[in-house]
Amino acid sequence: MERRKLYQMGGAILTLLTLFALISIAFAQASSNYDLSWHVVAGGGGRMKSTDHTLMGTIGQPLTGVMWDGHTLCSGFWCGRVAVQYRIYLPLVLRNR
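Mapping of the sequence shown onto numbering that gives the first Met the number 0: position 54 corresponds to residue 53, and the numbering continues sequentially without gaps.
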């Protein structure tokens, strides 16, 4: 009987911790400095630029909101890296130009 109560208490604690973590994530999605209250998955990749902003993305990656004040925002697998041009040889071998 003692073991059963221990398992029930452990399950209740685990449930409460999980609930607390999920609620914390929900409240952490917005503040006075940023807003992540909704999101999309990108349909295409590449570099998008304006006069003050640069956004680099990869197909199928989640995107974030708009940035101001000359910030650079990147998302995807190759975040922060410059795209390297390769020549394709068969069988597929990638070589730097």
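Note that beta-carbon positions come from the ideal geometry of N, C-alpha and C, so glycine has one too. Source: prediction; values computed, not measured.
Judged by DSSP in its simplified three-state form, residue 50 adopts coil rather than helix or strand. For residue 9 and residue 26, the gap between their C-alpha atoms comes out near 26 Å.
Residue 11 sits in a helix when the DSSP states are folded into three classes.
Taken through DSSP and simplified to helix, strand or coil, residue 27 comes out as coil.
Rounded to whole angstroms, the gap between the alpha carbons of residue 20 and residue 13 is 11 Å.
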